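Colleague: In the UniProt record's numbering, the protein residues as written are 1 to 415. Encoded as structure tokens, here's the structure I'll be asking about.
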């Protein structure tokens with residue numbers, strides 16, 4: 001009988017799934033990374049490396065076992081649970097207007113990551129896959145995670161994520177300690193700017209070729225301080241021999257000065273974020289910040305800045321924001337953008353009159369104009385699908401629909 005129980009899934013990898021787990025003895029919550037036993041070579045490799053490490057800047061190893069679940073034999077790796085998500089998610093919670101993150105917050109996290117890299121390198125390991133999603137945030141700050149690609153410096157072979165590979169690794173020459181430093185620089189560019197370090201390249205082969213042979217380095221955002229730019233410049237030297245080591249980077253001004261006095265409690269307070277009240281709250285807290293501009297709109301319809309923020313957000317973000325807004329909707333018919341697809345009045349004689357189907361005639365030209373105007377909006381696609389399915393529905397289901405229409409009312413075309 002297992003001494004732990006599996007909870008909800010919190011992440012997926014190429015060959016493993018990460019779930020929350022609870023100890024049946026102590027009630028402690030931890031993370032379990034699982035893979036089918038016959039496909040668990042990378043996970044077992046990660047276990048061998050992780051169990052040999054002990055650092056406050058490396059996700060803590062808590063054991064492993066093999067279980068039989070749903071007719072599958074699973075290999076399970078236990079690690080400490082990091083409740084605040086990835087570095088990418090955490091810095092977005094502190095983002096300022098325009099999608100930029102607070103430089104001091106990023107510097108504080110970066111210092112911890114560099115300390116983790118210094119520890120790894122001093123013990124002869126190369127991580128090989130440093131990126132924002134492999135840096136997790138817990139109660140004490142940032143820790144390096146996911147050692148599936150890690151190796152000793154003496155081992156051969158190239159692995160990792162192409163977008164974050166150093167030029168020498170992209171050419172297949174070597175993958176040593178300097179590759180982790182290059183990947184750190186690429187990670188920080190993504191964190192600072194919100195876009196990938198190579199934003200105009202569409203596939204892995206093109207990315208690797210550009211990194212290996214173009215002679216270029218990722219563009220450093222112009223809005224950064226001179227110290228931040230210089231720090232990134234030290235990480236992104238194409239010649240690995242010229243890249244600064246982790247020990248050298250720890251002495252860089254970007255990671256010192258006022259940043260060294262920041263603590264995690266201050267960062268949490270500055271973002272007005274609270275710890276989840278249960279392990280199931282993580283998804284909610286991860287997306288609350290994304291919906292704030294939508295919630296603010298509900299409070300102040302005259303706020304031009306908030307209107308602009310909503311206009312520039314994706315349809316998915318708008319829908320997510322509306323889902324989190326607790327105010328009652330205020331549907332009115334006096335807006336020009338409304339198209340009545342079905343009337344919400346059903347007369348008593350409708351049930352006896354199959355010829356009167358309760359539909360109002362659609363103006364197809366108007367609908368087509370709406371499609372052209374709103375191309376790419378999931379909201380429009382969903383509404384139009386509903387309209388077309390209603391028109392094509394068999395006569396035998398229309399009576400049932402007439403009863404449901406009282407609850408549906410009118411369907412707006414969102415802009």
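By construction, the Cβ of each residue, glycine as well, lies at the ideal position given by its N, Cα and C atoms. No experiment lies behind these values; they were computed from the predicted model shown.
1) Using CA coordinates, which residue listed in 46, 10, 78 and 47 is at the minimum distance from residue 23?
2) How about residue 113 and residue 142: do their beta carbons lie closer than 8 Å?
3) What would DSSP say about residue 230, mapped onto helix, strand or coil?
4) Could you give the distance in angstroms between the alpha-carbon of residue 225 and the alpha-carbon of residue 192?
5) Grab the span of the beta strand (DSSP E) containing residue 34 for me, first residue to last.
6) Pull the bridge partners of residue 6 from the DSSP assignment, please.
7) How many Å lie between residue 52 and residue 210 at the Cα?
8) Is it buried or exposed for residue 177, if we count other Cβ within 10 angstroms and need 16 for buried?
9) Tell me residue 81's beta-bridge partners as DSSP assigns them.
10) Per DSSP, residue 138 forms a beta bridge with which residues?
11) Quick one: grab the DSSP three-state call for residue 57.
12) Mapping DSSP to helix, strand and coil, what is residue 187?
13) State buried or exposed for residue 213, treating a residue as buried only when at least 16 other CB atoms are found within 10 Å of its CB.
14) Return yes when the Cβ of residue 249 is within less than 8 Å of the Cβ of residue 189, no when it is not.
15) Starting from the C-beta of residue 16, find all residues in its chain whose C-beta is less than 7 Å away, skip the five residues before and the five after it, and write them out in chain order.
16) Tell me whether the beta-carbon of residue 181 lies closer than 8 Å to the beta-carbon of residue 169.
17) What's the call for residue 9, buried or exposed, on a 16-neighbour Cβ count within 10 Å?
18) Just checking my contact of residue 84 with residue 62 at CB under 8 Å: how many whole Å lie between their CB atoms?
19) On the DSSP bridge list, what partners appear for residue 152?
20) Rounded to whole angstroms, what's the CA-CA distance from residue 251 to residue 206? Just pull it up for me.
21) With DSSP run on the structure shown, which of helix, strand or coil describes residue 43?
22) Which of the three DSSP states, helix, strand or coil, is assigned to residue 342?
23) For residue 69, does the three-state DSSP call read helix, strand or coil?
24) Leaving out five residues before and five after residue 416 in sequence, what residues of the same chain have Cβ atoms less than 7 Å from its Cβ?
25) Got a sec? Which residues, its chain only, sit under 8 Å from residue 238 by beta carbon, not counting five neighbours each side?
26) So residue 172 and residue 153 are in contact, right, with Cβ under 8 Å, and what is the actual spacing, rounded?
27) Leaving out the 5 sequence neighbours to the left and right, which residues in its chain are closer than 7 Å to residue 229 when beta-carbon positions are compared?
28) Would you kindly check if the distance between the Cβ of residue 165 and the Cβ of residue 120 is under 8 Å?
29) According to DSSP, simplified to helix, strand and coil, what is residue 86?
30) Below 8 Å between beta carbons: does that hold for residue 45 and residue 194?
31) State the Cα-Cα distance for the pair residue 5 and residue 73, rounded to the nearest angstrom.
32) What do you get for residue 327, buried or exposed, if any count of 16 or more other CB atoms within 10 angstroms of its CB means buried?
33) Measuring alpha carbon to alpha carbon, tell me which residue in 122, 146 and 130 is nearest residue 12.
34) Between the beta-carbon of residue 116 and the beta-carbon of residue 49, is there less than 8 Å?
Modeller: For this structure:
1) 78
2) yes
3) helix
4) 11 Å
5) 29–36
6) 21
7) 36 Å
8) buried
9) None; residue 81 has no bridge partner.
10) 141
11) coil
12) helix
13) exposed
14) no
15) 33, 34, 35 and 43
16) no
17) exposed
18) With 8 Å as the limit, residue 84 and residue 62 do not qualify as a contact, their Cβ atoms being about 18 Å apart.
19) 125
20) 35 Å
21) helix
22) Reliability of the predicted coordinates at residue 342 is poor, the pLDDT of 47 falling under 50, and the value obtained from them is presented with this limitation in mind. Here residue 342 sits in strand by DSSP.
23) strand
24) Here the chain has residues from 1 to 415 only, and residue 416 is not among them.
25) 167, 215 and 217
26) The Cβ separation is near 17 Å, so there is no contact.
27) 220
28) no
29) strand
30) no
31) 16 Å
32) Unreliable placement is indicated for residue 327, whose pLDDT of 42 sits below 50; the coordinate value is still reported in the next sentence. Burial call: exposed.
33) 146
34) no
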